[in-house]
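Residues 0 to 101 (numbering that gives the first Met the number 0) make up the sequence shown, in order. Heads up, the thing below is written out as structure tokens.
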Amino acid sequence: MALKRTSLENYTLLLVELNKMRHTEFKAKTFLKKMRPFCKTSHLKYKRLFVRVRGSNIGICIQVQDDCFVVTQTYSIHEFVFYCNSQKTLLSKLLKHNLLTA
């Protein structure tokens, strides 16, 4: 495997990791640790998460609320609201709606 991966390779590896994940309760710190090998991540007090697939120009901002996640894609005015409580479900919804790819 190459030392520098393209965004498509990182995206594909993220899909493989999604298949390995179990449905566990969402914890921001654990979620960021799982995403870190494939995505560039940062956060503000674990209430606002910034995630971008490595090599991609487009990223997302996830606002963690008590009952939902509000997701905004960079350079977009649209917001997506996901009601779920599992890391795997949230990640699958992000991939399903193409929020992590350009």
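We put the beta carbon where it would ideally sit given N, CA and C, even for glycine. The structure presented is a predicted model; accordingly, all values stated were derived computationally and were not measured.
Would L43 pass as a contact of I61 if the rule is Cβ separation under 8 Å?
no
Spell out a yes or no on whether the segment 18-33 and the segment 76-92 are touching, meaning 3 or more CB-CB pairs, one atom from each, closer than 8 Å.
yes
Three-way DSSP call (helix, strand, coil) for Q86 in this model:
helix
For the beta strand (DSSP E) that contains K39, what are its first and last residues?
38-43
Per-residue DSSP class, three states only, for T23
coil
Inter-residue spacing [alpha-carbon to alpha-carbon] between E78 and V69:
7 Å
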